[in-house]
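Accompanying notes for the structure given below.
2 protein chains.
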Amino acid sequence: MIGRLNHIAIAVPDLDAASAQYRDMLGADVGAPQDEPDHGVRVVFVTLPNTKVELLHPLGDASPIAGFLQKNPAGGIHHICYEVDDIRDARDRLLDKGARVLGDGEPKIGAHGKPVLFVHPKDFNGCLVELEQV
Amino acid sequence: MIGRLNHIAIAVPDLDAASAQYRDMLGADVGAPQDEPDHGVRVVFVTLPNTKVELLHPLGDASPIAGFLQKNPAGGIHHICYEVDDIRDARDRLLDKGARVLGDGEPKIGAHGKPVLFVHPKDFNGCLVELEQV
Chain E
1 MIGRLNHIAI AVPDLDAASA QYRDMLGADV GAPQDEPDHG VRVVFVTLPN TKVELLHPLG
61 DASPIAGFLQ KNPAGGIHHI CYEVDDIRDA RDRLLDKGAR VLGDGEPKIG AHGKPVLFVH
121 PKDFNGCLVE LEQV
Chain W
1 MIGRLNHIAI AVPDLDAASA QYRDMLGADV GAPQDEPDHG VRVVFVTLPN TKVELLHPLG
61 DASPIAGFLQ KNPAGGIHHI CYEVDDIRDA RDRLLDKGAR VLGDGEPKIG AHGKPVLFVH
121 PKDFNGCLVE LEQV
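Read top to bottom, the protein sequences are chains E and W.
In terms of full-length UniProt numbering, the numbers along the first sequence are unbroken and rise by one, the last being 134.
In terms of full-length UniProt numbering, the numbers along the second sequence are unbroken and rise by one, the last being 134.
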């Protein structure tokens with residue numbers, strides 16, 4: 001069912017410093033910061049040959065990243081995202097096998113403009129898993 | 001400098017359960033467990049089209065994963081691994097730019113039989129980064 005790893009999302013306390021690390025220490029292809037007000041994040045994309053890293057920083061008062069950074073002030077991996085062909089088929093398979101999906105179970109439009117859902121991390125080895133329909 | 005994302009390593013409290021989740025809930029290509037006594041882990045490889053997920057469980061008394069699972073009983077992402085062409089060049093660049101590498105600074109032979117080193121997570125957004133020479 002799942003296809004490619006679409007991205008790893010890392011919440012960072014200082015977006016400029018994290019961008020500089022990836023650019024200067026790791027020599028990676030680092031983009032410019034982009035505000036995504038609908039999703040409460042400011043994001044920098046790090047393009048690797050086979051996938052992406054997204055450096056996330058809170059934007060606005062209701063950012064989903066703010067609480068994570070309060071608990072993890074140094075930052076940390078916030079979620080990983082796997083691609084699926086059909087988000088509703090994926091959801092039904094997860095629910096059928098006993099997993100829980102966050103929210104009301106309906107896919108939402110994610111930060112890339114595509115339908116996404118999140119699987120409950122307690123059911124998945126403490127790891128927040130996003131599925132994105134591509 | 002860094003190339004592909006080689007793998008994401010997820011520490012899991014129950015390797016059979018995690019394997020079944022990835023196989024049955026996510027429909028992924030999940031291998032058989034492999035013991036790596038030299039590295040203190042039992043590992044299951046999940047092969048995605050563009051990278052790998054490694055599900056790690058402690059093996060033996062001195063496993064580097066045991067402490068992580070004590071702090072994170074549900075499991076969690078333990079590290080991410082980026083490929084580099086030359087591990088010593090990579091180390092020198094990191095040190096020159098002010099990062100810290102774990103241990104004595106000399107690359108070790110990692111679980112895939114290739115030279116690796118780890119960057120201090122406090123310098124990298126709370127995220128343990130492995131570099132592997134490929």
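Ideal Cβ placement from N, Cα and C applies to all residues, glycine included.
Nearest residue (CA-CA) to residue i, options the options
i: Asp96(W); options: Met1(E), Arg91(E), Leu15(E), Leu26(E); result: Leu26(E)
i: Leu69(W); options: Pro121(E), Gly126(E), Ala9(E); result: Gly126(E)
i: Ala62(E); options: Arg42(E), Asn6(E), Asn72(E); result: Arg42(E)
i: Arg100(W); options: Ala18(W), Leu117(W), Lys52(W); result: Leu117(W)
i: Pro58(E); options: Ile80(E), Pro33(E), Val46(E); result: Pro33(E)
i: Tyr82(E); options: Lys52(E), Asp123(E), Pro13(E); result: Lys52(E)
i: Phe124(W); options: Ile80(W), Gly103(W), Asp35(W); result: Ile80(W)
i: Ser19(W); options: Gly40(W), Asp86(W), Val44(W); result: Val44(W)
i: residue 151(E); options: Tyr22(E), Asp85(E), Gly67(E), Lys108(E); result: Nothing about residue 151(E) can be read from this structure; chain E reaches only from 1 to 134.
i: Gln21(W); options: Ala111(E), Pro107(E), Leu94(E), Pro13(E); result: Leu94(E)
i: Asp29(W); options: His78(W), His120(W), Thr47(W); result: Thr47(W)
i: Gly31(E); options: Leu102(E), Glu132(E), Asp16(E), Leu5(E); result: Asp16(E)
i: residue 146(W); options: Ile65(W), Pro121(W), Asp24(W); result: In the structure as shown, chain W begins at 1 and stops at 134. Residue 146(W) is therefore absent and cannot be evaluated.
i: Asp24(E); options: Gly75(W), Asn6(W), Arg23(W), Asp92(W); result: Asp92(W)
Minimum Cβ-Cβ distance from residue i to chain W less than 8 Å
i: Ile65(E); result: no
i: Pro107(E); result: no
i: Ala111(E); result: no
i: Ala18(E); result: yes
7 Å Cβ cut-off: residues of chain E touching residue i
i: Gly10(W); result: Just to set this straight, residue 10(W) is Ile in the shown sequence, not Gly. Simply Asn125, Cys127.
i: Leu94(W); result: Met25
i: Lys97(W); result: Asp24, Met25
i: Ala74(W); result: Lys122, Asn125, Gly126
C-beta neighbour in chain E for residue i, strict 8 Å
i: Leu26(W); result: yes
i: Gln21(W); result: yes
i: Lys122(W); result: yes
Contacts of residue i in chain E (Cβ-Cβ under 8 Å)
i: Ile87(W); result: The contacting residues do not exist; Ile87(W) stays about 13 Å from chain E at best.
i: Gly103(W); result: In chain order: nothing, as chain E lies at least about 18 Å away.
Contacts of residue i in chain W (Cβ-Cβ under 8 Å)
i: Leu5(E); result: Leu5, Ile8, Leu48, Asn50, Thr51, Val53
Whole-number beta carbon distance between residue j and residue i, since they are thought to touch under 8 Å
i: Asn50(W); j: Ala11(W); result: Wrong, their Cβ atoms sit about 22 Å apart, outside the cutoff.
i: Leu128(W); j: Pro121(W); result: 5 Å
**OP:** Quick one: which unbroken beta strand (DSSP E) runs of 3-plus residues sit fully inside the region 47-86 of chain W? Chain order, please.
**Re:** Counting only unbroken stretches of 3 or more residues, the beta strand (DSSP E) elements lying wholly within the region 47-86 of chain W are 52-58, 76-84, in sequence order.
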